[in-house]
Amino acid sequence: MLWFNLATAVPVLLLFLASFLGGVWAIGALAYLTVFVFTLDRLIEGAAARSNSDGEFPAGEPLSVFLGISHLILIVVSILALTGQTGLVWWEIGICFIVFGQYFGQVSNANAHELIHHANRWMNRLGVAVYSSMMFGHHASAHTKVHHVYVGSHRDPNTAHFGESIYRFWPRAWLGSFMRGLEAETKLRERAKTPKPKWTHPYVVYAAWSTVSLIVAMLIAGWLGLIALLGVSLYATMQHLASDYIQHYGMRRRMLANGKFEPVGPKHSWNSPHTFSSAMMMNVPRHSDHHMNPARKFTELRLDEDTMPMLPKSIPVMGIISLVPPLWRHMMDDRVREATGIQY
């Protein structure tokens, strides 16, 4: 668990220190989430970085719970820091916006993703609370009931089309996943033998959690608190969607003669063998195995470079590259053709 603890739990302390002390702590938090992660990825390249675990890590679940609860506290701390109530000056507030957005986007979102896949009801609800605190609660429905079912096809709004820029993908994926998730949940409730009260609809729950977050932000710092919460949530959500864009860009599942899509396999997602950034994102970059085994714990996800398409850089670095569409296409389009066998 060393890499997971270093990559995910240590920044929690740095974010607290940056929020209340600013100065060198704010710079240190930014350096940890950028330069340090990039450097560690480079230093521990090789066979050790690509090793697979053979056994269970019971410490994985307590870490997920710790990160989930820490996120709910950090949301409040971020509002205090970003509205200047902790005494930070303008440049410290700017750095805190970046580090909170990056942490929420890369760690909190990844951990919530792990939690919503958990069979334990309370851990699942914690994941929903984390997503909803960032106005992204619908992802708990869209991810499990739409993305995992239709990944690699035109029916999945979170699979990026070949040639699609991230700027077109962002709004399409957010709105598409919201609508498709709502449709899936509504149809599921309609098929239930015993009708459930309307207030138990998952989307009502997501809205309630998000409303609580907005009210807390208003109570802390008025309209400025509301703007701070919405701003950092938008930044975090854009990073989450960028991860979807990167991990599924151009991938397609074949339609079979029976009208169904071929089973999800190792070739239908992009993966990253970079150890430290993968640990920071709770092994989400081992994406093919996650789609083939959604119930598998993050500590047990496997990587096979012989059968799984690999990204040329880590996901955080690829996220930066994706912001320049010509550079992204130059780097990725030929790799897509090679991985899929489709001559776009």
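The sequence shown begins at 4 in this note's numbering and counts up by one.
C-beta: ideal position from N, C-alpha, C; glycine also.
A quick note: this is a predicted structure, and the numbers were derived from the prediction, not measured.
- Contact between the stretch 152-164 and the stretch 221-235 is absent, with fewer than three C-beta pairs closer than 8 Å.
- Under a 10 Å Cβ-count criterion, T42 is classified as exposed, with fewer than 16 other Cβ atoms of the shown protein chains found around its own Cβ.
- Scanning H294, Q250, G344 and T203 for the CA closest to the CA of N274 turns up Q250.
- The Cβ-Cβ distance between T147 and M254 does not fall below 8 Å.
- Taking 8 Å as the cut-off, the Cβ atoms of S67 and M126 count as close.
- Between V131 and W202 the beta-carbon gap is near 15 Å, outside 8 Å, which marks them as no contact.
- The stretch 29-48 makes contact with the stretch 92-104; the number of CB pairs closer than 8 Å reaches 3 or more.
- Bridge partners of M258 according to DSSP: F264.
- Pairing L304 with F107, the inter-Cα distance amounts to about 22 Å.
- For P205, the enclosing alpha helix (DSSP H) starts and ends at P205 to H251.
- It is roughly 14 Å from the alpha-carbon of R171 to the alpha-carbon of Q242.
- I47 is positioned such that its CB atom lies no closer than 8 Å to that of T302.
- Nearest Cα to L237 within the set P328, E308, P205 and G140: G140.
- A direct Cα-Cα distance of roughly 15 Å separates M284 from E64.
- In the three-state DSSP reduction, N274 falls in the strand class (E or B).
- Comparing alpha carbon positions, the residue from Q88, I76, P200 and P329 closest to G225 is Q88.
- Per the coordinates, the alpha-carbon of L326 lies some 20 Å from the alpha-carbon of S272.
- Nearest to E308 by C-alpha distance, out of S291, I318 and R299, is S291.
- Per DSSP, W202 is not a residue of any alpha helix (DSSP H), being assigned neither H nor E.
- If you draw a straight line from the Cα of L20 to the Cα of L83, it comes to about 13 Å.
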